[in-house]
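Under mature numbering (1 follows the signal peptide of the UniProt record, and there is no 0), the residues of the sequence shown are numbered -29 to -1, 1 to 475, in order. Ideal placement from N, C-alpha and C gives every residue a C-beta, glycine not left out. Accompanying notes for the structure given below.
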Amino acid sequence: MQFRHSLTRCSAAAAVVLLGLAPGLPAAAASSSTIGVAAGANLEGISVYDTADVLNDEKIKDALSSIDFNEPTKVAVFSRQGEYSDDINSETLAFAREEHPEWISQDAEDYGDYWADGYFIITLSVEGHGDGQIGTYFGEDRKVSTSQMESIHEAGYEDFNLSRWTDGVIAVGAKGAKIMNRPWYKNPALWITTGVAGGAAGATGLVVLGVRASRRKEFEANLSTGREHLSNVTMDLDTTELSARTLPTGSRHAADLERRFADFMAKYRTLFARQQELEAATKKTRSSGSGVALSKDFIDTAQQLDATDDAIIAAAALYTRSATWQEAWRAQTAPILEDLAELPELLGGPDKKLGPAGSALRSFADTAQQEVQAVGTDLAAQVIDVDTALDRLSELRKQLTERLDAYAAARIGAYAKSEAEEKQMRAKLRKQRYASTGTRSGGSILDVTSPAEFFWRVSAFNIGYQSAVKAVNSSRQAASSSSGVSTGYSGGGSFSGAGGSSRF
């Protein structure tokens, strides 16, 4: 390891000297006029086998003959009429074995498993107007990396897409000549490294500063919002305590709220002390990940307490049928009515033809509206009690959740192209679903007493699905921008010569 480090330092120093960056040496020392090869040098031969009858042989020979190669190289160009399903790596190998065995290494130790040293083979497979595949293959002493091969192929894409087959082959040949056996001082990465290294430390410093500033901003936002929730709890404290005392015994929902109120005051006192600690936090703490985590816990707990006291006050109004009971009931129906109101927009997009899943949601929207109204009417007429009314609302919200589950499966199935994409989309939807089902203020008893997985809000579905689509699209874009070069030789036995092909 120490040797490698020393070698790296020596190489870097040599680079500085040879590039004319060291004191006392001219910058022109690395110019092609003094170190590079002459134009048209090192081309030992070029042959064109235009079986597709799409190339101008003389133009290719004239163009490549004027290009300098870094090392002595033999160029062979092979064109063919192909089909989309063709494996042109294997087709090139078969052509070489049958027609040009000199392309394959004859060295005894290679056993015919590699391309011959010094060779650069270009295969053009034409499938139609502007469509096909391009392949490049190299002797072991001329081979390049997959990313470099992709760069060589891309040089011809524009011409190939316009069916300018000859120009595309020339562009591929010229790019290959530039990259194969390229001297270290001609590598663009060296210039990029030299130019960027000096600024890397500064850039890293800016990133760190940006992260810290972002954390402080998040810390302040969490503290501010949490403070508002805690202030609401403080103002309603007396009313909450009085309401908790009036909750009836023998009621399932009331009993659940009573259990929560038993811990309410202890949590409130702890949270009040936590607020004071956060307000006194130093800049260092506010800039740290642990500090942001503390502020996030503060806002979550404050929101939970704010929602709990609202639910207790609403429950007391409902069970005692006080003057505000109708307002309290509206707080219970608000979540399901909001969801139903958002369904038309959800079902009006490009996925409206998803069959049973979409139809089930659409028909549910109509019947659920009527059921919510019926529950309110029965409660007002005292045909049912509060627990029964809440149970019927809970059942409606469960049914909506079940239909959203089915709809999510349909949309994922329609959009995803693989099991991996389906898994990615489900994970994004699940994350948003549970992130959005936390307790919220407003007085909904069910949102406080029911487990988070019971109810899936339509707004959370929309956000989650958009996030899922964005994630999949990003993955697809990353995949498409990565190497599209196909390597290997199907049916080629043990042959493992350097090279590969790509589509255009």
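task: Out of Thr241, Glu62 and Asp28, point me to the one whose CA is closest to Gln138's CA.
output: Position 167 of the sequence shown, counted from the first residue, corresponds to residue 138. Residue identity differs from the one stated: residue 138 is Asp in this sequence, not Gln. Looking at the Cα atoms, Asp28 is the closest of the given residues.
Member of Glu390, Asp310 and Arg301 whose CA lies at the smallest distance from the CA of Thr332: The count along the sequence shown starts at 1 and reaches residue 332 at position 361. Sequence inspection shows Leu at residue 332; the Thr mentioned does not correspond to that position. The residue with the shortest Cα to Cα distance from Leu332 is Asp310.
- request: Please classify Val167: is it buried, with 16 or more other beta-carbons within 10 angstroms of its beta-carbon, or exposed?
  value: For the purposes of this step, residue 167 is identified with residue 196 of the sequence shown, where counting begins at 1. At Val167 the pLDDT is 49, less than 50, meaning the model places this residue with poor confidence and gives no usable figure here.
- request: Could you work out which residue in Ser457, Tyr460, Leu375 and Ser461 is closest to Gly435 when comparing CA atoms only?
  value: As a working note, residue 435 is residue 464 in the sequence shown. Answer by Cα proximity: Leu375.
message: Tell me the DSSP secondary structure of Arg135 in three-state form.
response: Position 164 of the sequence shown, counting from 1, holds the residue named residue 135. Note: Arg135 maps to coil in three-state DSSP.
message: For residue 529, list the residues DSSP reports as bridge partners.
response: The question about residue 529 has no answer, for the chain in this structure spans -29 to 475.
task: Please list, in chain order, all residues of the same chain as Leu(-9) whose beta carbon is under 6 angstroms from its beta carbon, the five residues on each side excluded.
output: On the sequence shown, residue -9 is found 21 positions in, with the first residue counted as 1. Its pLDDT being 35, under 50, Leu(-9) is placed unreliably in this model, and the value from its coordinates should be taken loosely. Result list for Leu(-9): empty, nothing under 6 angstroms.
query: Does DSSP put Gly106 in a helix, in a strand, or in coil?
result: Indexing the sequence shown from 1 puts residue 106 at position 135. Three-state DSSP puts Gly106 in a strand.
message: For a test of the three-state rule: what should DSSP assign to residue 496, helix, strand or coil?
response: Residue 496 falls outside the range modelled here, since the chain spans only -29 to 475, and no answer is possible.
message: In the DSSP assignment, the beta strand (DSSP E) including Arg239 goes from what residue to what residue?
response: Reading the sequence shown from its first residue, position 268 is the one you call residue 239. First, the residue type needs correcting, since residue 239 is Tyr and not Arg in the sequence shown. Careful: Tyr239 lies outside any beta strand (DSSP E), inside the alpha helix (DSSP H) at Phe235 to Glu250.
Residue ranges of each alpha helix (DSSP H) within the stretch 433 to 469, 4 or longer: none
field: Inter-residue spacing [alpha-carbon to alpha-carbon] between Ser365 and Phe232
entry: Numbered from its first residue, the sequence shown carries residue 365 at position 394. Numbered from its first residue, the sequence shown carries residue 232 at position 261. So the alpha carbons of these two residues sit roughly 22 angstroms apart.
query: Would you call Gln303 buried or exposed, if buried means 16 or more other Cβ atoms sit within 10 Å of its Cβ?
result: Taking the sequence shown and counting its residues from 1, one reaches residue 303 at position 332. The residue is buried, with at least 16 neighbouring Cβ atoms inside 10 Å.
field: Euclidean distance between Cα positions of Gly347 and Ala398
entry: Position 376 of the sequence shown, counted from the start, is the residue given in the question as residue 347. Position 427 of the sequence shown, counted from the start, is the residue given in the question as residue 398. For Gly347 and Ala398, the distance between alpha carbons rounds to 37 angstroms.
- prompt: Can you tell me whether DSSP reads Lys399 as helix, strand or coil?
  reply: Along the sequence shown, read from residue 1 onward, the residue named residue 399 stands at position 428. Residue state, collapsed to three classes: helix.
message: According to DSSP, Leu14 sits in a beta bridge with which residue or residues?
response: Start at 1 with the first residue of the sequence shown, and residue 14 comes out as number 43. Answer by DSSP bridge pairing, in chain order: Thr44.
query: Curious, which full-length alpha helix (DSSP H) runs of at least 4 residues does the stretch 295 to 326 contain?
result: 296 to 318
query: Should the stretch 376 to 383 be called in touch with the stretch 353 to 364, which here means at least 3 C-beta pairs below 8 angstroms?
result: no
task: Can you give me the Cβ contacts of Glu313 inside the same chain, cut-off strictly under 7 angstroms, excluding the 5 residues immediately before and after it?
output: Position 342 of the sequence shown holds residue 313. Closer than 7 angstroms at Cβ, skipping near neighbours: Val429 and Ser430.
query: Do Glu15 and Thr44 have their C-beta atoms within less than 8 angstroms of each other?
result: As a working mapping, residue 15 is identified with position 44 in the sequence shown. As a working mapping, residue 44 is identified with position 73 in the sequence shown. Yes. Within cutoff.
- prompt: Are there three or more Cβ pairs, one per stretch, closer than 8 angstroms when the stretch 145 to 153 is compared with the stretch 218 to 229?
  reply: no
message: One question on the structure: do Ser467 and Tyr90 come within less than 8 angstroms of each other, judged by their Cβ atoms?
response: Position 496 of the sequence shown holds residue 467. Position 119 of the sequence shown holds residue 90. No; because the gap between Cβ atoms is not below 8 angstroms, this pair is not in contact.
message: Residues in the same chain with beta-carbon distance under 7 angstroms from Thr291, minus the five sequence neighbours each way, listed in chain order, please.
response: Here residue 291 corresponds to residue number 320 of the sequence shown, with the count starting at 1. Excluding residues within five positions, the ones whose Cβ falls inside 7 angstroms are Thr217.
- request: Going by CA-CA distance only, name the one from Val140, Asn60 and Ser259 that's closest to Asp130.
  value: Indexing the sequence shown from 1 puts residue 130 at position 159. Cα-wise, what sits closest to Asp130 is Val140.
task: List the whole-angstrom C-beta distance separating Ala351 from Leu371, where the pair is believed to meet the contact cut-off of C-beta under 8 angstroms.
output: One-based indexing of the sequence shown puts residue 351 at position 380. One-based indexing of the sequence shown puts residue 371 at position 400. About 23 angstroms separates the two Cβ atoms, so there is no contact after all.
task: Please look up how many angstroms separate the CB atoms of Ser473 and Glu121, rounded, as I've assumed it's under 8 angstroms.
output: Numbered from its first residue, the sequence shown carries residue 473 at position 502. Numbered from its first residue, the sequence shown carries residue 121 at position 150. The pair is a contact, with the Cβ atoms about 7 angstroms apart (cut-off 8 angstroms).
query: Grouping DSSP H, G and I as helix and E and B as strand, with all else coil, what is residue 493?
result: Because residue 493 is not part of the residues shown, which for the chain are -29 to 475, the question remains open.
Residue interval of the alpha helix (DSSP H) (run including Val419): The residue labelled residue 419 in the question sits at position 448 within the sequence shown. Looking at the DSSP string, the run of the alpha helix (DSSP H) that includes Val419 is Ile416 to Thr420.
message: Less than 8 angstroms between the C-beta atoms of Val46 and Gly144, yes or no?
response: Along the sequence shown, read from residue 1 onward, the residue named residue 46 stands at position 75. Along the sequence shown, read from residue 1 onward, the residue named residue 144 stands at position 173. Result yes, Cβ atoms of Val46 and Gly144 sit closer than 8 angstroms.
query: Anyone know if the C-beta pair for Ile31 and Val48 falls short of 8 angstroms?
result: Position 60 of the sequence shown holds residue 31. Position 77 of the sequence shown holds residue 48. Yes, these two residues count as a Cβ contact at 8 angstroms.
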